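Encoded as structure tokens, the structure appears first; notes follow it.
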Amino acid sequence: MSEPGQNHGGDAATEDGHGAERTAVTVIGTQGAVLPPGAEELVAGARLAVDDVGAGYASLRHILRLDPNLIKLDLSLTRNIQNDRRKRALAASLISFAHETGCAVIAEGIEQDGEKQALIELGADYGQGYFLGRPGPLPEGDWAAPV
5 MSEPGQNHGG DAATEDGHGA ERTAVTVIGT QGAVLPPGAE ELVAGARLAV DDVGAGYASL
65 RHILRLDPNL IKLDLSLTRN IQNDRRKRAL AASLISFAHE TGCAVIAEGI EQDGEKQALI
125 ELGADYGQGY FLGRPGPLPE GDWAAPV
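Every number in this note's numbering is 4 more than the matching position in the sequence shown, counting from 1.
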């Protein structure tokens, strides 16, 4: 597991190795979000992340409807996941679904080593949280590379 935005092999401008252009990542938050008809066409060709997955049913509908590149597991699911078999079971299912459909998984809200270790064991691709690093200023240069 690594922090989002880090390059893991391949050129940052062409992560897939096929000369693809850099694309913006569009994050769809799902806290009470209602997607308008035609939303699928609005995001066609963009890299798409669905946020707050595991926080409610809406995010699952968005995943099925939008076919995102990234799924961000909500911190309500990752918090103390090492001590909660139900959270682990749900996260394992979501991670398996994501990988089966070609999505990467970002686990949000990691604040303890136990959470990090549990999420690594479950197969999360990336992690975010104070345990991994506090927010700070962006580095100089081209920081908008694809995940």
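Virtual Cβ for every residue (Gly too), placed ideally from N, Cα, C. These figures come from a predicted structure and were not determined experimentally.
- Inter-residue distance for glycine 118 and alanine 53 is about 26 Å (C-alpha atoms, whole angstroms).
- In this chain, the beta strand (DSSP E) harbouring arginine 51 covers 51-57.
- Around the beta-carbon of glycine 140, fewer than 16 other beta-carbon atoms lie within 10 Å, marking it exposed.
- Distance from the CA atom of histidine 103 to the CA atom of isoleucine 67, rounded to whole angstroms, is 13 Å.
- According to the DSSP assignment, alanine 108 belongs to the beta strand (DSSP E) that extends over 108-111.
- Serine 80 is positioned such that its CB atom lies no closer than 9 Å to that of alanine 93.
- Contact check for isoleucine 110 against alanine 128 passes: the beta carbons are separated by less than 9 Å.
- One thing to note: leucine 77 has its Cβ within 9 Å of the Cβ of glutamate 112.
- Ranked by how close their Cα comes to the Cα of phenylalanine 101, the residues Ile85, Leu126, Gly131 have Leu126 in first place.
- The three-state reading of DSSP puts leucine 70 in helix, counting H, G and I together.
- Checking the DSSP bridge columns, you'll see isoleucine 75 partnered with Val54, Val109.
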